[in-house]
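Quick note, the sequence shown lines up with residues 161 to 341 if you use this note's numbering. By construction, the Cβ of each residue, glycine as well, lies at the ideal position given by its N, Cα and C atoms. Since this is a predicted model, take the numbers as computed values, not measurements.
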Amino acid sequence: MSRIPLVDPAATTPDRQALLAEIHAAFGATPNMFRAVANSPAALKSMWSAFGALGGGALSARLGEQVAVVIANRNACEYCLAAHTALGRKAGASAEEMSQAQDGRSADPKTAAALRFALAVVERRGQVEASEVEALRAAGFDDGEIVELLAHVALNLFTNYVNVALAVPVDFPAVRLRAAA
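Below, the structure written as structure tokens:
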């Protein structure tokens with residue numbers, strides 16, 4: 161049970177209704193996470209606009225979902241693990257690729273570098289070494305993509321914390337968390 165009410169899109173303020181209608185149109189439903197965040201119109205606007213901005217960024221949707229999955233697993237966020245596994249499959253990743261991403265692995269060297277970096281940022285609260293940034297460059301990321309990767313990490317930390325702290329009910333097909341290595 162959620163620790164905060166899930167906003168009913170039909171019974172809320174016009175500003176919330178407008179954003180929740182956009183979200184519903186994008187997903188074909190209004191995911192519980194957005195209904196929880198809708199308790200704060202500012203937070204909802206921030207979250208939704210961040211998803212939109214990153215969705216139109218240089219990094220592929222597939223890589224963004226793989227990054228989200230490794231972070232969700234590391235933070236034991238069942239909601240984000242389920243949601244981003246489903247979204248990763250929709251973005252073209254195979255079930256095996258999403259499973260590997262959950263463990264921070266990929267057969268693709270560029271994706272593997274991004275997953276390692278994302279985990280390092282999360283585990284060490286941003287205190288990464290210069291060599292880790294250089295490893296991203298060596299894998300083919302430019303400076304803009306490196307900054308964008310950090311934006312994905314930050315957005316996923318926010319969504320993980322919302323879902324874990326507020327016990328938002330999972331409304332995507334469940335995916336089993338794995339122990340962090």
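Determine the DSSP secondary structure at Cys353, reduced to helix, strand or coil.
-> With the chain represented from 161 up to 341, any question about residue 353 goes unanswered, as that position is not in the structure.
Evaluate contact between the region 248-258 and the region 294-301, counting only Cβ atoms and requiring at least three cross-stretch pairs below 8 Å.
-> Under the Cβ criterion (8 Å, minimum of three pairs), the region 248-258 does not count as touching the region 294-301.
Nearest-angstrom Cα separation, counted from Ile306 out to Leu223 = It is roughly 13 Å from the alpha-carbon of Leu223 to the alpha-carbon of Ile306.
Helix, strand or coil for Glu289, going by three-state DSSP, please let me know.
-> Annotated three-state conformation of Glu289 is coil, per DSSP.
Taking C-alpha atoms, which residue in Tyr321, Ala178 and Met161 lies nearest to Lys205?
-> Proximity to Lys205 across Tyr321, Ala178 and Met161 peaks at Ala178, based on C-alpha coordinates.
If you count every other CB in all the chains shown that lies within 10 Å of the CB of Thr319, and 16 or more means buried, which is it?
-> Classification for Thr319: buried.
Assuming Leu317 contacts Ala278 (C-beta within less than 8 Å), just tell me the rounded distance between them.
-> That belief does not hold up - the Cβ atoms of Leu317 and Ala278 are roughly 10 Å apart, past 8 Å.
Among Ala267, Asn192, Thr172 and Lys270, which one has its Cα closest to the Cα of Glu238?
-> Ranking Ala267, Asn192, Thr172 and Lys270 by Cα distance to Glu238 puts Asn192 first.
Leaving out five residues before and five after Thr245 in sequence, what residues of the same chain have Cβ atoms less than 7 Å from its Cβ?
-> Once the five neighbours on either side are set aside, the close Cβ partners of Thr245 are Val229, Met258 and Val335.
Apart from the five residues on each side of it in sequence, which residues of its chain come closer than 8 Å, Cβ to Cβ, to His184?
-> Around His184: Pro169 and Thr190.
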